[in-house]
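Chemist: Residue numbers (the working numbering): 1033 to 1342.
Heads up, the beta-carbon is just placed ideally off N, CA and C, and yes, glycines get one too.
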């Protein structure tokens, strides 16, 4: 121990002198600190490190939860028993409030319900302020069938639609007008279409479908619109459309769910929009000269497609 103390004193005396390589009068004098100075410096560093470890890092000065030592992010704790890394930083999981999803069900106790309004009367609709009239002319060749089926024709219009119907012999036309009991003003146009279909040659049982369904239409065209034919060629064309005893016409009607009326060189088709198109294509093929056998083959395919849709 005495030897070690003597060596330390000699080392201290040696390092307190001027460096041997520098002149004594030089202003750039290098002074090596002693052992006591190095110990003091080390003590200051240790104290600063200890204070840094003990002091927590504030994450948010405005957070009121800092008073309860609760926050987000890494926080240094001196006596914390949690797992810490080499720098003394303790990582804690952040606390997030649970997200609650509420499903709002429609209750019967709603603040208000869907308003329900009563149907408007004919007077409130304003259609009966002025009597509206529809006039349908009667061709000469349909006058006799009209007389024979007059009561059958007007019964659905008078009994169900509450319309007024009369035959004007001077004008040779059927006149239809609404009454005070007519529920819908649209019935007047339906009745006019019903009589027009009968005048074009359709049966009463087929024309009455226009009163019950809303998606039925009547399309008319002439043979000359498809191909210019005259004389015997036109007669043979009309014969091909009708077929023997009406066989071809009935086949087109049954496969396309339509009704066809042949009036000289005019063709009238009654049905829905899609079905009218199918029947018109078949008739046009016959007018252009296609054999009935080819038309029948296409009609079989069409009828199968219609059955699959249904």
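(1) How should residue 1053 be labelled, buried or exposed, when 16 other C-beta atoms within 10 angstroms of its C-beta is the threshold for buried?
(2) So for residue 1200, helix, strand or coil by DSSP?
(3) Answer with buried or exposed for residue 1193, where buried requires no fewer than 16 other C-beta atoms within 10 angstroms of its C-beta.
(4) Do you know whose CA, among 1293, 1240, 1304, 1281, lies nearest residue 1184's CA?
(5) Which of helix, strand or coil does DSSP assign to residue 1215?
(6) Compare the Cα-Cα distances from residue 1251 to each of 1300, 1232, 1166, 1275 and report the closest residue.
(7) What are the start and end residues of each continuous beta strand (DSSP E) run of 3 or more residues lying completely inside the segment 1205-1273, in chain order?
(8) Roughly how many angstroms lie between the CA atoms of residue 1176 and residue 1211, to the nearest whole one?
(9) Tell me the DSSP secondary structure of residue 1053 in three-state form.
(10) Looking at the strands, I want to know which residues DSSP matches up with residue 1331.
(11) So, under 8 angstroms CB-CB, residue 1242 and residue 1226 are touching, yes? Tell me the CB distance rounded to an integer number of Å.
(12) Residue range of the alpha helix (DSSP H) that residue 1185 falls in?
(13) Need the endpoints of the beta strand (DSSP E) that residue 1165 sits in, please.
(14) Could you spell out where the beta strand (DSSP E) holding residue 1293 opens and where it closes?
(15) Excluding five sequence neighbours on each side, which residues of the same chain lie with their C-beta closer than 6 angstroms to the C-beta of residue 1222?
(16) Return the residue from the list 1261, 1289, 1173, 1163 that minimises the CA-CA distance to residue 1337.
(17) Are residue 1274 and residue 1294 closer than 7 angstroms when you measure CB to CB?
(18) Just to confirm before moving on: does the CB-CB distance between residue 1287 and residue 1327 stay below 7 angstroms?
(19) Taking the straight line between their C-alpha atoms, what separation do you get for residue 1195 and residue 1220?
(20) Is residue 1194 helix, strand or coil when you go by DSSP?
(21) Pick out whichever of 1341, 1170, 1291 has its Cα sitting closest to the Cα of residue 1206.
(22) How long is the line joining the alpha carbons of residue 1163 and residue 1216, rounded to whole angstroms?
(23) Starting from residue 1298, trace the beta strand (DSSP E) in both directions and tell me its first and last residue.
(24) Short of 8 angstroms in beta carbon distance, which residues of its chain neighbour residue 1311, apart from the five on each side in sequence? Order them along the chain.
(25) With DSSP collapsed to three states, give me the class of residue 1073.
Modeler: Let me spell this out:
(1) Confidence at residue 1053 is low in this model, with a pLDDT of 48, below 50, so the placement of that residue should be treated as unreliable; the coordinate-derived value is given next. Exposed is the call here.
(2) The three-state reading of DSSP puts residue 1200 in strand, counting E and B together.
(3) The residue is buried, with at least 16 neighbouring Cβ atoms inside 10 Å.
(4) Restricting attention to 1293, 1240, 1304, 1281, the CA atom closest to the CA of residue 1184 is found in 1240.
(5) Residue 1215 carries a coil assignment under DSSP once its states are collapsed to helix, strand and coil.
(6) For the residues 1300, 1232, 1166, 1275, the minimum Cα distance to residue 1251 belongs to 1300.
(7) Within the segment 1205-1273, the runs of beta strand (DSSP E) that reach at least 3 residues and sit entirely inside it are, in chain order, 1205-1210, 1249-1254.
(8) So the alpha carbons of these two residues sit roughly 28 angstroms apart.
(9) Residue placement at residue 1053 is flagged as unreliable, the pLDDT there being 48, under the threshold of 50; a coordinate-derived value is accordingly withheld.
(10) Per DSSP, none; premise fails for residue 1331.
(11) The beta-carbon separation of residue 1242 and residue 1226, rounded to 5 angstroms, stays under the 8 angstroms limit for a contact.
(12) Note, residue 1185: alpha helix (DSSP H), 1182-1191.
(13) Residue 1165: member of the beta strand (DSSP E) spanning 1165-1169, first to last residue.
(14) Taken as a continuous stretch (DSSP letters only), the beta strand (DSSP E) holding residue 1293 covers 1291-1295.
(15) Correct list, in chain order: 1243.
(16) Minimum Cα distance to residue 1337 is reached at 1289.
(17) In contact: residue 1274 and residue 1294 (Cβ atoms closer than 7 angstroms).
(18) Going by C-beta atoms, residue 1287 is not nearer than 7 angstroms to residue 1327.
(19) So the alpha carbons of these two residues sit roughly 7 angstroms apart.
(20) Coil, per DSSP.
(21) Ranking the options by Cα distance to residue 1206, first place goes to 1170.
(22) CA-to-CA, the gap between residue 1163 and residue 1216 works out to about 13 angstroms.
(23) Here the beta strand (DSSP E) through residue 1298 covers 1298-1303.
(24) Within the same chain, residue 1311 has close Cβ partners 1284, 1285, 1288, 1290, 1292, 1301, 1303.
(25) Assigned with DSSP and collapsed to three states, residue 1073 falls in helix.
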